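Below is one structure, written out as structure tokens; comments come after it.
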Amino acid sequence: MTSNELTTHIFEKGSYLCVGLDTDIHKVPSHIFNESSDPVFSFNKAIIDATKDLCVAYKINTAFYESAGLRGWESLQRTVEYIPSTHFKIADAKRGDIGNTSSQYAKAFFETYPFDAITVAPYMGRDSVAPFMQYPGKWVILLALTSNEGSHDFQLQPFANNEFLYEKVIMEAQTWDGPGGLMFVVGATRTEQIAHIRKLAPEHFFLVPGVGFQGGNLREISRQGLTTQGGLLVNVSRAIIYASSQKNFAEEARIIAQQYQIEMSEYLKEVKSN
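Going by the working numbering, the sequence shown opens with residue 207, and the numbers climb by one from there.
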């Protein structure tokens with residue numbers, strides 16, 4: 207998916223919502239186990255059917271599937287193949303290794319599985335990221351500034367010239383690829399830095415996890431991060447997919463997703479009017 211296509215979807219839907227399919231089998235409603243031989247996929251299918259007109263992207267955290275072995279990978283494949291082609295499909299796999307290994311990871315997620323993007327850790331340098339950039343129309347989503355407590359261990363440590371390490375990553379990575387193939391992960395609880403990061407990378411999309419249970423402020427994120435091209439994918443996982451543990455879980459998920467979509471549509475109108 208090109209950046210122009212992604213921008214078109216965002217403004218046509220009035221949404222930059224990414225629904226996170228971080229499906230924990232222990233949180234799948236119990237009735238599904240009696241109805242399906244693949245409860246994870248059945249759960250995901252119901253969530254996708256209920257939310258696809260309200261979001262522009264889905265993010266699959268592969269750890270929730272890898273932990274189940276072969277059966278989990280089968281659920282992952284069925285899920286990503288079920289997501290409509292109109293939606294941006296993210297493998298939240300956080301890969302990053304020496305070049306020949308990264309080449310195999312890239313092949314797995316861009317050839318074997320039809321993902322549009324993969325999250326990548328940048329700390330082994332350019333040659334560990336480059337193999338993912340060899341696929342036209344595919345995206346690298348580079349970890350820049352995350353919300354977890356441990357981000358202070360490295361990302362927020364001073365580098366040269368009083369520059370934080372995360373700033374060095376953002377600036378250096380922009381010499382590797384342009385805004386049509388490279389995004390940055392910016393944690394939603396880092397609202398105090400989003401305006402600054404937008405200045406560092408004015409044209410690149412940001413994937414922003416952490417809205418919902420983690421407490422990210424959608425208004426502040428949007429005010430500081432939105433651009434005339436959209437520029438944001440805001441991921442919400444648990445607050446949507448676990449809105450209910452009852453048989454009406456998909457309907458309840460839709461209600462929460464629609465609340466986000468309505469709010470996002472207002473912020474997009476503000477961007478268009480400015």
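Glycine included, C-beta positions come from ideal geometry on N, C-alpha and C. Predicted model only: the values in this text are computed from it and were never measured.
Practice task
Count the other C-beta atoms from every protein chain shown that fall within 10 angstroms of the C-beta of Met377, then say buried if there are 16 or more, exposed otherwise.
Solution key: Sequence index remark: in the sequence shown, residue 377 carries index 171 (1-based). Looking at its Cβ environment, which holds fewer than 16 other Cβ atoms inside 10 Å, Met377 is exposed.
Problem - the segment 446–466 / the segment 247–257 touching (three or more Cβ pairs under 8 Å) - result: yes
Exercise for the section: Please classify Ala269: is it buried, with 16 or more other beta-carbons within 10 angstroms of its beta-carbon, or exposed? Expected result: For the purposes of this step, residue 269 is taken as residue 63 along the sequence shown, with counting starting at 1. It is exposed - the Cβ of Ala269 has fewer than 16 other Cβ atoms within 10 Å.
Exercise for the section: Whole angstroms is fine: what's the gap from Leu223's alpha carbon to Thr318's? Expected result: Here residue 223 refers to the residue found at position 17 when the sequence shown is read from its first residue. Here residue 318 refers to the residue found at position 112 when the sequence shown is read from its first residue. Distance between the alpha carbons of Leu223 and Thr318 is about 26 Å.
Practice task
Take the Cβ of Gly331 as the centre, count every other Cβ of all protein chains shown within 10 Å, and call the residue buried at 16 or more, exposed below.
Solution key: What you label residue 331 is simply residue 125 of the sequence shown in a count that begins at 1. Gly331 should be labelled exposed.
Practice task
Identify the continuous alpha helix (DSSP H) that holds Lys518 and give its terminal residues.
Solution key: Residue 518 is absent from the structure shown; the chain starts at 207 and stops at 480.
Handout entry: Inter-residue Cα distance where the pair is His215 and Gly436
Key = For this step, residue 215 is matched to residue 9 along the sequence shown. For this step, residue 436 is matched to residue 230 along the sequence shown. Approximately 10 Å, taken between the alpha carbons.
Practice task
Starting from the Cα of Pro245, find the closest Cα among Gly278, Met207, Val262 and give me that residue.
Solution key: Here residue 245 refers to the residue found at position 39 of the sequence shown. Cα-wise, what sits closest to Pro245 is Gly278.
Exercise for the section: Helix, strand or coil for Thr325, going by three-state DSSP, please let me know. Expected result: Numbered from 1 along the sequence shown, position 119 holds the residue referred to as residue 325. The answer is strand: DSSP assigns Thr325 an E or B state.
Practice task
Consult DSSP for Tyr448 and reduce its assignment to one of helix, strand or coil.
Solution key: Locating residue 448 in the sequence shown gives position 242, counting from the first residue. Here Tyr448 sits in coil by DSSP.
Practice task
Just grab the DSSP bridge partners of Lys265 for me.
Solution key: As a first step, residue 265 must be located in the sequence shown, where it is residue number 59. According to DSSP, Lys265 bridges with Gly226, Ile296.
Exercise for the section: Starting from the C-beta of Pro328, find all residues in its chain whose C-beta is less than 7 Å away, skip the five residues before and the five after it, and write them out in chain order. Expected result: Here residue 328 corresponds to residue number 122 of the sequence shown, with the count starting at 1. Closer than 7 Å at Cβ, skipping near neighbours: Gly302, Val335, Leu348, Leu349, Val375, Ala379.
Practice task
Would you mind working out which of Asn367, Leu371, Asn267 sits nearest Phe360, comparing C-alpha positions?
Solution key: Taking the first residue of the sequence shown as 1, we reach residue 360 at position 154. Per the Cα distances, Leu371.
Handout entry: Run of the beta strand (DSSP E) containing Leu413, from where it starts to where it stops
Key = Position 207 of the sequence shown, counting from 1, holds the residue named residue 413. Per DSSP, Leu413 belongs to the beta strand (DSSP E) from 412–414.
Practice task
Keeping to the same chain, check which residues put their C-beta closer than 7 Å to that of Pro337; ignore five residues upstream and five downstream.
Solution key: For the purposes of this step, residue 337 is taken as residue 131 along the sequence shown, with counting starting at 1. Contacts found: Gly305, Ser308, Ser309, Ala312.
Problem - Ala312 - containing beta strand (DSSP E), residue span - result: Counting from one through the sequence shown, the residue named residue 312 turns up at place 106. Segment 305–313 is the alpha helix (DSSP H) holding Ala312; no beta strand (DSSP E) there.
Practice task
Have a look at Phe411 and Leu438 and give me their C-alpha separation to the nearest angstrom.
Solution key: Locating residue 411 in the sequence shown gives position 205, where the first residue counts as 1. Locating residue 438 in the sequence shown gives position 232, where the first residue counts as 1. Cα-Cα distance, rounded: 5 Å.
Exercise for the section: Look up Gly431 in the DSSP assignment and say whether it is helix, strand or coil. Expected result: Residue 431 sits at position 225 when you count from the first residue of the sequence shown. Three-state result, Gly431: helix.
Practice task
Count the other CB atoms, across all protein chains shown, that sit within 10 Å of the CB of Lys481; report buried if there are 16 or more and exposed otherwise.
Solution key: This structure cannot speak to residue 481, because the chain is shown only from 207 to 480.
Practice task
State the DSSP-derived secondary structure class of Val440, mapped to helix, strand or coil.
Solution key: Taking the sequence shown and counting its residues from 1, the one referred to as residue 440 is at position 234. Of the three classes helix, strand and coil, the one that applies to Val440 here is strand, per DSSP.
Exercise for the section: State the DSSP-derived secondary structure class of Trp345, mapped to helix, strand or coil. Expected result: What you label residue 345 is simply residue 139 of the sequence shown in a count that begins at 1. Residue state, collapsed to three classes: strand.
Practice task
Using alpha carbons as the reference points, say which of Glu369, Val326, Asp228 lies closest to Val392.
Solution key: In the sequence shown, counting from the first residue as 1, residue 392 sits at position 186. With distances taken between Cα atoms, Val392 lies closest to Val326.
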